[in-house]
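Undergrad: Just so we're aligned, residue 33 is where the sequence shown starts under my numbering, counting upward by one.
Beta carbons are placed, not taken as given, at the ideal position from N, Cα and C, and that holds for glycine.
Below you will find the structure I want to go over with you.
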Amino acid sequence: MRIHTEGVCVLRRGAKDCRVAFELTRWNALPFSRAGEWLVSISIHRFAPTPAAKFGLALDLAVLAASTAAATHGPLVLRGFWALSALIVFWTTSSVAHYYAHAAERAAWEDVVLTLVNLLSVATVLGVGGHLLPGPQPDVLTLLALALPAQVLLRLTVFAYLRARTSPPRQLLIVGTGALGRITGEDLATRRAQCSYLSWPGEKVPEPLRGRYVGESIDLSRVLQKEAVDEVYLCGLPHLQNGALQAAVGTCETIGVPFALPAYTVRLGRAQPVANKAVADGFLHYVTDRVQPDQRVLKRLVDIAGAAAALWVLFPFLLVVSALVKLTSPGTIFFRQLRVGLHGKKFHMLKFRSMVADAEALKAKLAAQNEQAGPVFKMKRDPRVTPLGRILRKYSIDELPQLVNVLRGDMTLVGPRPPVPQEVAQYEPWQHRRLSVPPGLTCLWQISGRNEVAFEDWMYLDLQYIDNWSMGQDINLLLKTVPAVVSGRGSS
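Listed below in structure tokens is the structure:
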């Protein structure tokens, strides 16, 4: 078998997209010749898009290479071989999980946990490889003992410093353009927040504002349905904006967006609030779901551990499915589709391709044959689905790549399924509340009939999950998902 490879190095002075790409252009051998051209492109800019991310990547690679070399006994060439192997594994797992691309968005504890997952992946591959190959092998326990403390220390010091200065700004909406609204906006702007403003009825709009002016408080529902907003600051007082303030609270509760109300009706000088996160910024903060901060940490830990373990166990099976998808129909192995996540933020969801290559273009021609009520599109005998795709869909095998989305933090193991933007655009205001929690791999309606569940019931089941959330319920849903998927019940 002959494999033709071509390396391409692109360096443009002053360009932001300086990258190194390695392209596997063609497999000239049977049976892979039918698969056509395969393209593998690893872009440094995409993997570590910011200077801070590139600096963090360089530090991690240096620590890992030094630790691997120190943990290997033998000639320098052999140490270099194992160090390079460790870097390749680390690079692969980190790039799949978008580790450096989203590093500034994660909490320090999550960074440490993902680092542990990466290093365990490296240790596993090197440990297996060391037993299969002749000659001295790395001592994986020594490798972990050297690399793990060093990388954890980096995350608690250097990375924490970089995160505080490069994290993406929170998207906040301030209702109120009076003195309280302006002061709040100026304060939030100093804490990496990007603010937009709505005014109360009859309130003047001063110039300039520290952000966009997007309308009046009666437009709150429209704005929250169109834009991704992390939190709404309702800068009003009951004796001044009583009816409008209560209506704004009701809108936030209906749609499921976190909101904050002033904790004090007077300005404070020397006096300080008692140390309490809820009032530290002068506002009382409210959410519309049941998940407490410590429970969010536990849920995320379960997501990382579960997704990482599942990917390792299923890795050989995923390779077989990837080959079958490529060999049985023209097109890519994976299908990346734009979906809507927490509070309206968009992300690309991964699936094994189960349809023909031009499926999205054909969807408009089949719109009249939609068998599902509401904004979603479902057909039991969709002509766009390939023969292999029918099997993948029946047993939800096509959804397995979303374990990568779970590792990245785009999704969670259990939660409402992520909709496409076209569906969200047709939601009623109350239906937007299903976006108040991270989207999931499985949910209540997945085990209640999957595609046989009507759209309205689907919505109510998602809201029932949100209103009655518990960690025990998540585990119960995961256990019930397995027999539901294996039986193929309710698949289209």
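Our contact map puts residue 113 next to residue 96 with C-beta atoms below 8 angstroms; I'd like the distance itself, whole angstroms only.
TA: Actually they do not touch by this definition, with Cβ atoms about 14 angstroms apart.
Undergrad: Report buried or exposed for residue 503, applying the criterion of at least 16 other Cβ atoms within 10 angstroms of its Cβ.
TA: By the 10 Å Cβ count, residue 503 comes out exposed.
Undergrad: Does residue 273 come out as helix, strand or coil in the three-state DSSP assignment?
TA: In this structure, residue 273 counts as helix in the three-state DSSP scheme.
Undergrad: Indicate whether residue 328 and residue 471 have their beta-carbon atoms separated by less than 8 angstroms.
TA: Contact flag unset, no.
Undergrad: Go ahead and label residue 500 buried or exposed: buried means 16 or more other beta carbons lie within 10 angstroms of its beta carbon, across all protein chains shown.
TA: Burial call: exposed.
Undergrad: Measuring CA to CA, which of 203, 210, 175, 270 is closest to residue 295?
TA: Closest option to residue 295, Cα to Cα, is 270.
Undergrad: Under the DSSP definition of a beta bridge, which residues are partnered with residue 472?
TA: Partner(s): 444.
Undergrad: Write down the C-beta distance between residue 469 and residue 447 rounded to the nearest angstrom, noting that I regard them as a contact closer than 8 angstroms.
TA: Contact flag correct, Cβ pair sits at about 6 angstroms.
Undergrad: Return the chain-ordered ranges of every alpha helix (DSSP H) run that is complete within the region 238 to 264 and spans a minimum of 4 residues.
TA: The region 238 to 264 contains these whole alpha helix (DSSP H) runs: 252 to 258.
Undergrad: Taking 8 angstroms as the cut-off, decide whether the C-beta atoms of residue 193 and residue 213 are in contact.
TA: Not closer than 8 angstroms, so no.
Undergrad: Can you look up residue 84 in the DSSP assignment and give me helix, strand or coil?
TA: If DSSP states are grouped into helix, strand and coil, residue 84 belongs with the helices.
Undergrad: Is it the case that the region 365 to 383 contacts the region 249 to 261, given that we only count it when at least three CB pairs across the two stretches are under 8 angstroms?
TA: The region 249 to 261 is in contact with the region 365 to 383.
Undergrad: Buried or exposed: which applies to residue 47, given that a residue is buried once 16 or more other Cβ atoms fall within 10 Å of its Cβ?
TA: Here residue 47 scores only 38 on pLDDT, less than 50, and its place in the model should not be relied on; the value that follows carries that caveat. Exposed, by the Cβ-count rule.
Undergrad: Take residue 458 as the anchor and find which of 254, 138, 326 has the nearest alpha-carbon.
TA: Answer by Cα proximity: 254.
Undergrad: Give every residue of the same chain whose Cβ lies closer than 8 angstroms to the Cβ of residue 242, excluding the five residues on either side of it in the sequence, and list them in chain order.
TA: So the qualifying residues of the chain are 214, 217, 218, 221, 227.
Undergrad: Less than 8 angstroms between the CB atoms is what I'm expecting for residue 202 and residue 225, so what's the real figure, rounded?
TA: Sure, about 5 angstroms apart at Cβ, within 8 angstroms.
Undergrad: With C-beta atoms as the reference, is residue 466 less than 8 angstroms away from residue 489?
TA: The answer is no: Cβ separation not under 8 angstroms.
Undergrad: Just curious, the alpha helix (DSSP H) that residue 496 is in, first and last residue?
TA: Element bounds for residue 496: 487 to 499.
Undergrad: Expressed to the nearest angstrom, what Euclidean distance is found between the alpha-carbon atoms of residue 454 and residue 326?
TA: Going by the C-alpha atoms only, they are around 34 angstroms apart.
Undergrad: Between residue 176 and residue 151, what straight-line distance do the alpha-carbon atoms span, to the nearest angstrom?
TA: When rounded, the distance between both Cα atoms is 7 angstroms.
Undergrad: Tell me whether residue 189 is buried or exposed, calling it buried when 16 or more other Cβ atoms sit within 10 Å of its Cβ.
TA: Flag for residue 189 reads exposed.
Undergrad: What are the uninterrupted segments assigned as beta strand (DSSP E) that are 3 or more residues long and contained completely in the region 179 to 225, given in chain order?
TA: If we require 3 residues or more, the beta strand (DSSP E) runs fully inside the region 179 to 225 come out as 202 to 207.
Undergrad: Can you have a look at residue 274 and say buried or exposed, based on whether 16 or more other CB atoms are within 10 angstroms of its CB?
TA: Residue 274 is exposed by the Cβ-count criterion.
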